[in-house]
Amino acid sequence: MSQQEVEQAVHRFSKAVVTMDIGQLMNDLTPEAMVKLQAAAGAGMAVQIQGYEVQSVGQEGEDWVSQVKYLGPTSFTARLVWRRFGNEWKIADADVLATEGGA
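One point on numbering: in my numbering, the residue at position 65 of the sequence shown is 122, and numbering is uninterrupted.
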């Protein structure tokens with residue numbers, strides 16, 4: 058996967074977060090990564106996200122790692138590890154690094 062392909066995947070996934078495109082989210086996330094993000098977000102991906110900022114994309118071994126800040130009443134920064142599964146690249150691991158705002 059080239060950096061351009063990774064960046065396209067990061068934007069595709071992040072746009073799906075903003076629009077709540079459940080089908081795309083489920084396609085891009087492994088079950089393990091989905092559970093981690095849902096737990097970290099409190100109520101899962103149902104938080105109100107209005108936009109996003111890609112902060113970094115880089116290669117770590119055979120994986121690609123992106124850091125994205127998702128913007129909303131409660132903003133959060135996520136570290137997403139992209140890994141190849143067969144012919145598809147999916148988010149194999151995800152961590153919320155920081156949150157801002159909220160109640």
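Glycine included, every Cβ here is placed at the ideal spot set by N, Cα and C.
Segment limits, beta strand (DSSP E) that includes residue i
| i | result |
| --- | --- |
| S132 | T131 to F142 |
| Q116 | G108 to E117 |
| L128 | D120 to L128 |
Residue from the options with nearest C-alpha to residue i
| i | options | result |
| --- | --- | --- |
| E91 | V138, Y109, G143 and N144 | At residue 91 the sequence reads Met, which differs from the Glu that was named. When each option's Cα is compared against that of M91, the closest is V138. |
| V63 | L154, D152, G108 and E119 | E119 |
| R69 | V111, K93 and Q95 | V111 |
Bridge partners - residue i, DSSP secondary structure assignment
| i | result |
| --- | --- |
| W156 | It should be pointed out that residue 156 corresponds to Thr in this sequence rather than to Trp. Its beta-bridge partners are F133. |
| L86 | I148 |
Opening and closing residue of the alpha helix (DSSP H) in which residue i lies
| i | result |
| --- | --- |
| Q65 | Q60 to T76 |
Sequence-distant residues of its chain with Cβ nearer than 8 Å to residue i (five each side left out)
| i | result |
| --- | --- |
| D78 | K72 |
| V74 | L82, M102, I106, Y109 and Y127 |
Spatial neighbours of residue i in its chain, beta-carbon cut-off 6 Å, leaving aside the 5 residues before and after
| i | result |
| --- | --- |
| D150 | A90 and V138 |
| T87 | K147 and A149 |
| A97 | V153 |
| S123 | V67, V114 and L137 |
| S59 | none |
Nearest-angstrom Cβ-Cβ length linking residue i and residue j, presumed shorter than 8 Å
| i | j | result |
| --- | --- | --- |
| G158 | T134 | Rounded, the Cβ-Cβ distance is 12 Å, inconsistent with contact. |
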